[in-house]
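In what follows, a single structure is set out as structure tokens and then discussed.
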Amino acid sequence: MVPKGVSVHFTRMRFEGAVNVETLSRLADEAEKAAKLLAEMKPDVIAFCCTSGSFIKGVGYDKEIIAKIERVANTKATTTTTAVVNALNRLKVKKLSIATPYIDEVNVACKKFFEELGFEVLDIKGLGIRDDLEIGRQTPETIYRLAKSVDKEEADCVFISCTNLNTIDIIQPLEYDLCKPVITSNQATMWECLRLVGVKEPLENLGALFKSF
């Protein structure tokens with residue numbers, strides 16, 4: 001997902017309990033601790049890689065998380081939600097359909113977030129999964145079928161939400177199948193990080209977004 005010469009480094013944030021509004025609302029409490037660990041290797045940008053964890057408290061919450069990370073790490077920061085919004089705007093998306101692994105209460109928060117930013121959400125469907133590990137076990141084929149089922153002819157784009165879903169290999173086939181851009185959480189996050197540090201090299205097989213720096 002990155003050009004030669006770019007390195008990517010990770011640390012995890014503690015997540016306990018079911019994937020619901022209550023637990024997701026606490027996830028950002030771990031962001032500063034994780035950012036301090038990453039700051040030791042002097043990164044050019046740090047991303048808070050959880051979509052629902054950065055939209056769950058509404059518009060502006062992602063900016064609060066960014067401010068926390070930048071304060072403790074002294075570097076640029078972003079969140080997956082911030083990246084997705086910027087990606088949608090870059091591709092001039094007005095109407096979208098959303099596929100998620102979430103339960104209904106998280107989908108409600110997701111839909112509300114994007115609608116309050118002015119996007120028209122034509123449909124949103126979730127797999128109803130409460131267990132984070134189970135989300136990660138979903139096959140690309142399952143995600144592909146979900147994305148196809150949520151698409152609407154008038155949608156400008158299909159967005160597949162959640163950094164724990166294995167979506168990278170289905171982006172290009174889905175775009176061919178649906179004849180429209182497909183944005184996924186991990187794809188948008190990496191695109192945003194590269195853009196923030198001035199790396200704008202188009203990459204193959206990652207969809208329309210990676211041709212739109």
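Start counting the sequence shown at 1; every next residue gets the next number (UniProt numbering). Positions of the beta carbon are idealized from the N, C-alpha and C atoms, including for glycine.
Check: Straight-line Cα distance separating Pro140 from Glu70; Outcome: 34 Å
Check: Extent of the continuous alpha helix (DSSP H) run through Thr82; Outcome: Thr80 to Arg90
Check: C-alpha distance - Ala35 paired with Ile56, whole-angstrom precision; Outcome: 20 Å
Check: Exposure of Tyr102, with buried meaning 16 or more beta-carbon neighbours within 10 Å; Outcome: buried
Check: Beta-carbon proximity check, Ser54 vs Ile46, cutoff 8 Å; Outcome: no
Check: Length of the line joining the Cα atoms of Arg195 and Asn74; Outcome: 18 Å
Check: Nearest residue (CA-CA) to Lys159, options Ile124, Ile135 and Lys76; Outcome: Reading off the sequence shown, one finds Phe at residue 159, where the question assumed Lys. Cα-wise, what sits closest to Phe159 is Ile124.
Check: Residue(s) in a DSSP beta bridge with Asp123; Outcome: Ser97
Check: Sequence ranges, beta strand (DSSP E) only - wholly within the region 45-81, length at least 3; Outcome: 45-48 and 76-79
Check: Cβ neighbour criterion (16 or more within 10 Å) applied to Ala67; Outcome: exposed
Check: Inter-stretch contact (C-beta, 8 Å, three-pair minimum) for the region 177-187 and the region 145-159; Outcome: yes
Check: C-beta atoms of Gln172 and Gly207 nearer than 8 Å; Outcome: yes
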